[in-house]
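Below you'll find the structure, written out as structure tokens, and then a few comments.
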Amino acid sequence: MCGIVGYVGRSEAAPILLDGLRRLGYRGYDSAGVAIVNGNKVETRKCAGRIAELGKLMAERPPTGTYGISHTRWATHGKPTDQNAHPHFDATGRLALVHNGVIENYQALKDQLIRDGDTNFASETDTEVLAHLIGKLYDQSIAADTSSNGKTKAELPNKKGRLVEAVRTALRQVIGTYGIALVHRDIPDFIVGARRGSPLVLGVGKDENFLASDVSAIVAYTRDAVYLNDFDVVAVERDKFEISSVAGEGGNYQVSKVEFTDADIKKGDYPHYMLKEIFEQPGSVRDAMRGRLSQEECTAKLGGLNMTPAQLRDVGRVVLTGCGTALHAAMIGEYLIEQLAQIPTEVEYASEFRHRNTPMTRDTLVFAISQSGETADTLGALRESRRKGYRTLGICNNVASTIARESDGGVYMHAGPEIGVAATKSFTSQVAILTAIGLLLGRMRHLSTSEGTRIIEALEALPEQIEEVLKLSDQMKAIAKKYASVSGLLFFGRQFNFPIAVEAALKLKEITYLFAEGHPSAELKHGIIALIRPDLPSVFIAPDDAVFSKNMNNIEQVRARKGPVIAITSGNCAKQLKGIADDIVTVPKVPDFVSPILTVIPLQLLAYHLAVELGRDVDKPRNLAKSVTVE
Ligand code: M6R
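Take the sequence shown: its letter number 495 is residue 681 in my numbering, and every next letter is one higher.
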């Protein structure tokens, strides 16, 4: 995915665009650029590398002007080079365009443009093809003005209308996804935006308006936002905007208040967003539960699911889908819903689910889990499920995201903005919500009021227990230093903590670039044991639960082969591990179904401290982007 920011107003556009890009840096960071219009000049600065590089370029030669567009890129077509960095231009160099998404039929469109005599392409990108197409259609429209079939000038659309029409006509030819913003040198104080499959938000200011891929880019300037819908085209001026559809119809929109403030997206005193977000977990888990647990009825209240008691009672099967960390939360959800509600539950990679023909029963309830609410594969899975007529709900953090809007209902995480590319607080919020869903479905069936109360108490105790676990940060830092020279780590867990092994391995891989794998502990002896050696530590997630003694057996098997062991445990089990595990990390003892919310935190901290120790760019790891809006 990439990040887009556009501005039209009375202030200098350059600092606003650069500031917005810095805030969107998590969306992609392999090249960046701006185009600002100043009189009859389009001033462009763009380069490969981080936004800081663009900042230097802009400081050396500051572009001036009060409207413009900008972009931070995560490469899909073409390498991250200066040439491939956005903005891209039409054949005349008067129209500049930035794009987030993939134009799947760009080669066919390009071939047609070339056949029509346009060979002036400067990059390998799909985006440039779209810029050329819109520019060509606009120029043709202007040229047609001279042969206007006797129409008076007043009857002809003005330049703004012509540009919007050219955008619509071009987008009707496009197969793929896009969030775009564009400016034209000949049309002052005017930006056009459009979206399909890639998010785009209009920020409504006073005498100024904004476009952005995410409100976090513009919340410092305005908290009034219009979340554009797929196929919306928006024409933006300083003091007004007009929304229509690609088909040319009037668009419906609503101005919403952004939930968070600029202060919420600042790092504060933390060196990295990831650390800040790890430490926000007592609050984010509390917010995920706020107003959703009823002591009186001993159940969860999740009105956003939009389901009647009878419908909830009749759910016969659950499918949980998502990608990456959200998928790992789903894996815990499977254990939770099956244990608490006794409903057969399956986890599906969104990328697989959307393309394979999973047999489903009529009473299947599908949950699409996504922090961003924009992940292309999860969105694809949601659409496929809804197309087949299954009730499909979302568990999202990003309010008004595409998944949240397209689902039949759902549960918002209310975790606040998550900026670090490595997902942390969204994971614990997702698991807390899945526990509440298990409780709700269970209480529609066999769970007694006392069991319901026990689950509520366990959930309500979590924020304080997370505070306790966060005190382990220094211990995890010391462990990270001790193992800083290892070539990789293995993670093992059982039952509710098997998915934590997989999640911990993902965290480690993405921010330290070390090799890591997560497995069910018992799988060790079925092959992985061949890897055990003194320079490859194994992390066992072995809290004080029903399977602790089984985990102990596996730990002994590793020790017997001289593999170092780091144990994440709880309660009295720490004593049993003394002299057996090399490092023992103790979290509070809690019921097994909530333990993953505590055991994951030391492992988030381990990945974080190891990444810092290795000098990695924690918040912007190489090759990654915060949410993946392409397939
Ligand atoms: O926004 P989503 O929750 O849909 O994102 C899904 C994955 O791309 C995401 O969890 C990814 O795996 C994270 N970088 C993991 O830390």
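Each residue gets a CB set at the ideal place from its N, CA and C atoms; glycine is no exception.
- When DSSP states are grouped into helix, strand and coil, Phe779 belongs to the helix group.
- Collapsing the DSSP output to three states places Val672 in coil.
- Inclusion of Ala398 and Ile190 in the CB contact set at 8 Å is warranted, their separation being smaller than that value.
- Excluding the 5 residues flanking it on each side, Lys806 has same chain C-beta neighbours closer than 8 Å at Gly211, Tyr212, Tyr215, Arg236 and Val607, in chain order.
- For Thr511, the shortest separation between its Cβ and any heavy atom of the ligand M6R lies below 7 Å.
- Note on geometry: alpha-carbon atoms of Glu532 and Val504 lie some 6 Å from one another.
- Contact between the segment 735-744 and the segment 692-711 is present, with at least three C-beta pairs closer than 8 Å.
- If you compare the alpha carbons of Val420, Asn270 and Gly595 with that of Leu491, the shortest gap goes to Gly595.
- Selection Gln762, Arg540 and Arg577 evaluated against Glu817 yields Arg540 as nearest (Cα-Cα).
- Within the segment 690-777, complete beta strand (DSSP E) segments of at least 3 residues are found at 701-706, 724-727, 751-756 and 769-773, given in chain order.
- In this structure, Lys693 has its CB closer than 7 Å to one or more heavy atoms of the ligand M6R.
- Measuring C-alpha to C-alpha distances from Ile718 to each of His257, Asn740 and Ala732 identifies Asn740 as the nearest.
- Using a cutoff of 7 Å, the CB of Thr564 counts as near the ligand M6R, since one of the ligand's heavy atoms is closer than that.
- The alpha-carbon separation between Gly704 and Lys695 amounts to approximately 11 Å.
- Asn395 sits buried, since 16 or more C-beta atoms from the chains shown fall within 10 Å of its C-beta.
- Selection Asn683, Asp768, Thr578 and Val773 evaluated against Ala732 yields Asn683 as nearest (Cα-Cα).
- Within a 10 Å sphere around the beta-carbon of Arg629 sit 16 or more other beta-carbons, which makes this residue buried.
- For secondary structure counted as the beta strand (DSSP E) over 3 or more consecutive residues, the segment 454-525 holds these complete runs in sequence order: 503-508.
- About 6 Å separates the beta carbons of Ile697 and Val804, which is inside the 8 Å limit, making them a contact pair.
- Contact between Arg409 and Val194 does not hold, since their C-beta atoms are separated by about 18 Å, which reaches or exceeds 8 Å.
- Counted as a single uninterrupted DSSP element, the beta strand (DSSP E) harbouring Glu229 occupies residues Lys227 to Ala234.
- Secondary structure note for Ile366: its beta strand (DSSP E) is the uninterrupted segment Tyr364 to His370.
- For Gly508, the shortest separation between its Cβ and any heavy atom of the ligand M6R lies below 7 Å.
- Inclusion of Val814 in the 7 Å shell around the ligand M6R follows from its C-beta lying nearer than that to a non-hydrogen atom of the ligand.
- With respect to the 8 Å criterion, Thr250 and His274 are not classified as neighbours on the basis of their beta carbons.
- Between the segment 500-515 and the segment 585-602, the count of C-beta pairs closer than 8 Å stays below three; the two stretches do not touch.
- Distances taken from the Cβ of Ala608 to the heavy atoms of the ligand M6R include one shorter than 7 Å.
- Gln557 has its Cβ nearer than 7 Å to a heavy atom of the ligand M6R.
- If you look at Ser556, you'll find it in the beta strand (DSSP E) that goes Thr550 to Ser556.
- Between Pro649 and Phe446, the CB-CB gap reaches or exceeds 8 Å.
- Taking a contact as a CB-CB distance under 8 Å, the pair Val419 and Val350 counts as one, their CB atoms being some 6 Å apart.
- Of the candidates Asn286, Leu204, Gly241 and Asp276, the residue whose Cα lies closest to the Cα of Trp260 is Asn286.
- Counting along the chain, Asp563 sits inside no beta strand (DSSP E); it lies in the alpha helix (DSSP H) bounded by residues Ala562 to Arg573.
- Using a 10 angstroms sphere on the CB of Thr614, the tally of other CB atoms reaches 16 or more, which defines it as buried.
- In this structure, the straight-line span from the alpha carbon of Lys452 to that of Ala474 is close to 21 Å.
- With respect to the 8 Å criterion, Leu627 and Ala728 are not classified as neighbours on the basis of their beta carbons.
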